[in-house]
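A.B. asks: Residue numbers (my numbering), protein chains in the order written: chain A, 199 to 351; chain B, 199 to 351.
Glycine residues also receive a C-beta, built at the ideal position from the N, C-alpha and C atoms.
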DNA sequence: CCCATAAGGTTGCGAGCGCAACCAATTGTG
DNA sequence: CACAATTGGTTGCGCTCGCAACCTTATGGG
């Protein structure tokens, strides 16, 4: 009896999950882009910095980098740009004079206040395409995958 | 009676699904990178071209671009590089002398034959972190989202 | 039959990114 | 107390990418 024929699922890229995840992430980003990009003139790193600083005042660039998983240079440049636009400000820390606390300015808080509801609504409208029990399953699987790939924190 | 207080879920980036999808996609890519990158010296565009041409001989750059959703310049450069490494070859089409059919060379087919089983195994080991019914639900949700965002084909 | 338009593909160019190197301040160790 | 090692953060550099412009060949309309 011959060995059973190799499964030979000849890798259709369109069915390959890692590829599909990349495609989905890109699609979801574009689905959001109109908000922060066209409407507020922010790119993705800037949007992430605003979102982070908005919910966690007085954090360092280091904290932003680790919680968004962006490279510290990317964070540094986003911060510089936002500071130039007076959306955030930095104050030197007294204890450790290397680091500088980042916080939203008044204009930054106003922008944040406008942006957040729109972003949340957009997220909701994306997830709304999933029937309720599929949505719960999806989010659970998402968490499992994140843990497996150690993406949290 | 005052209006009920705003939901005010103050957008934690770590809980924001579009961000999580991007992070997951990046993580999954890195989980695979060791295969095509370190082991075969391919970057992502090159790997996608190889995968596409491997399962669909004699296709055009146009076809590769649309099925992988990569910009045509990215495809063009990946093809040029792979042709230089003699992993693929191009033959001018007789009917339409603008386009050129892309196919794997012998060396390209050998690489493809080595690469595919490893990639599939890696995909399987990623999905294996999900319990069976969560996995089915996840894939179903993935398809729904793809349809919603019109990412297919 | 000619010219405008389009389609396949390549290239010049500017923008964004990560790496490595660096500066400045802090911490640990003998 | 001095000096090595570390940490927060910025900058120079090279690479990749997407856009727009372009070349070439094909197609459609008067």
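Just the Cα atoms here: how many angstroms apart are residue 315/A and residue 230/A?
C.D. replies: The residue you call residue 315/A lines up with position 117 of the first chain. The residue you call residue 230/A lines up with position 32 of the first chain. Cα-Cα distance, rounded: 13 Å.
A.B. asks: Please state the DSSP three-state secondary structure of residue 283/A.
C.D. replies: Residue 283/A sits at position 85 when you count from the first residue of the first chain. Coil, per DSSP.
A.B. asks: Taking 8 Å as the CB-CB limit, is residue 203/A close to chain B?
C.D. replies: Numbered from its first residue, the first chain carries residue 203/A at position 5. Confidence at residue 203/A is low in this model, with a pLDDT of 46, below 50, so its placement is unreliable and no value can be given for it.
A.B. asks: Helix, strand or coil: how does DSSP classify residue 264/B here?
C.D. replies: The residue labelled residue 264/B in the question sits at position 66 within the second chain. If DSSP states are grouped into helix, strand and coil, residue 264/B belongs with the helices.
A.B. asks: When you compare the stretch 269-278 of chain B with the stretch 309-327 of chain B, are there three or more beta-carbon pairs, one atom per stretch, that lie closer than 8 Å?
C.D. replies: no
A.B. asks: Tell me which residues share the same chain as residue 240/A and place their Cβ nearer than 6 Å to its Cβ, disregarding the 5 neighbours each side in the sequence.
C.D. replies: Sequence index remark: in the first chain, residue 240/A carries index 42 (1-based). So the qualifying residues of the chain are 234.
A.B. asks: Buried or exposed: residue 216/A, going by 16 or more other Cβ atoms within 10 Å of its Cβ?
C.D. replies: Here residue 216/A refers to the residue found at position 18 of the first chain. Label assigned to residue 216/A: buried.
A.B. asks: Can you confirm whether residue 199/B, when its beta carbon is compared against all beta carbons of chain A, has any partner nearer than 8 Å?
C.D. replies: What you label residue 199/B is simply residue 1 of the second chain in a count that begins at 1. Low local confidence applies: a pLDDT of 49 at residue 199/B is under 50, so the model's placement there is unreliable, and no value is given.
A.B. asks: By DSSP's criteria, residue 298/A is part of a beta bridge. Which residues make up the other side?
C.D. replies: To locate residue 298/A, count along the first chain from 1; it is residue 100. Its beta-bridge partners are 290/A.
A.B. asks: Between 334/B, 346/B, 327/B and 281/B, which lies nearest to residue 327/A when the distance is taken from Cα to Cα?
C.D. replies: For the purposes of this step, residue 327/A is taken as the residue at position 129 of the first chain. Ranking the options by Cα distance to residue 327/A, first place goes to 346/B.
A.B. asks: Quick check on residue 251/A: buried or exposed, where buried means 16 or more other Cβ atoms within 10 Å of its Cβ?
C.D. replies: Within the first chain, residue 251/A is the residue found at index 53, counting from 1. When all chains shown are included, residue 251/A counts as buried.
A.B. asks: Would residue 214/A pass as an interface residue toward chain B - the criterion being a Cβ-Cβ separation below 8 Å?
C.D. replies: The residue given as residue 214/A occupies position 16 in the first chain. Yes, residue 214/A counts as interfacial toward chain B.
A.B. asks: Using a 10 Å radius around the Cβ and a threshold of 16 neighbouring Cβ atoms, would you call residue 260/A buried or exposed?
C.D. replies: Taking the first residue of the first chain as position 1, residue 260/A is located at position 62. Under this definition residue 260/A is an exposed residue.
A.B. asks: Quick one: which chain A residues come within Cβ less than 7 Å of residue 321/B?
C.D. replies: In the second chain, counting from the first residue as 1, residue 321/B sits at position 123. The answer, in chain order, is 214, 215 and 216.
A.B. asks: Should the stretch 336-344 of chain B be called in touch with the stretch 334-345 of chain A, which here means at least 3 C-beta pairs below 8 Å?
C.D. replies: yes
A.B. asks: Just to confirm, are residue 301/B and residue 256/B a CB contact at a threshold of 8 Å?
C.D. replies: For the purposes of this step, residue 301/B is taken as the residue at position 103 of the second chain. For the purposes of this step, residue 256/B is taken as the residue at position 58 of the second chain. Yes, these two residues count as a Cβ contact at 8 Å.
A.B. asks: I'd like to know whether the C-beta of residue 283/B is nearer than 8 Å to at least one C-beta of chain A.
C.D. replies: Numbered from its first residue, the second chain carries residue 283/B at position 85. So, not an interface residue.
A.B. asks: Along the chain, which unbroken stretches of the alpha helix (DSSP H) at least 4 residues long are found entirely within the stretch 219-266 of chain B?
C.D. replies: Entirely contained in the stretch 219-266 of chain B, the alpha helix (DSSP H) runs reaching 4 residues are, in chain order, 242-253 and 259-266.
A.B. asks: Write down the C-beta distance between residue 285/A and residue 263/A rounded to the nearest angstrom, noting that I regard them as a contact closer than 8 Å.
C.D. replies: As a working note, residue 285/A is residue 87 in the first chain. As a working note, residue 263/A is residue 65 in the first chain. That pair is no contact at about 18 Å.
A.B. asks: Under 7 Å Cβ-Cβ, which residues of chain B neighbour residue 267/A?
C.D. replies: What you label residue 267/A is simply residue 69 of the first chain in a count that begins at 1. Listed along the chain, the chain B residues whose CB falls inside 7 Å of the CB of residue 267/A are 221.
A.B. asks: Using a Cβ cut-off of 8 Å (strictly closer), state whether residue 257/A contacts chain B.
C.D. replies: As a first step, residue 257/A must be located in the first chain, where it is residue number 59. Judged by the 8 Å Cβ criterion, residue 257/A is not in contact with chain B.
A.B. asks: Could you tell me the alpha carbon to alpha carbon distance between residue 281/A and residue 253/A, rounded to whole angstroms?
C.D. replies: Translated into positions along the first chain, residue 281/A becomes position 83. Translated into positions along the first chain, residue 253/A becomes position 55. About 18 Å.
A.B. asks: Evaluate residue 247/A with the Cβ neighbour count: other Cβ atoms within 10 Å of its Cβ, from every protein chain shown; 16 or more gives buried, anything less gives exposed.
C.D. replies: By 1-based counting over the first chain, the position of residue 247/A is 49. Residue burial annotation: residue 247/A is buried, with at least 16 other C-beta atoms found within 10 angstroms of its C-beta.
A.B. asks: Spatial neighbours of residue 202/B within its chain, please: C-beta separation below 7 Å, excluding the five flanking residues on both sides.
C.D. replies: In the second chain, counting from the first residue as 1, residue 202/B sits at position 4. Here the model assigns residue 202/B a pLDDT of 47, short of 50, so the residue's position is not dependable, and the following value carries that caveat. Correct list: empty, nothing qualifies.
A.B. asks: Which residues in the same chain have their Cβ closer than 7 Å to the Cβ of residue 343/A, if we skip the five residues on either side of it in sequence?
C.D. replies: For the purposes of this step, residue 343/A is taken as the residue at position 145 of the first chain. There are no such residues.
A.B. asks: Indicate whether at least one CB of chain B lies closer than 8 Å to the CB of residue 336/A.
C.D. replies: Stepping through the first chain from its first residue, residue 336/A is reached at position 138. So, interface residue.
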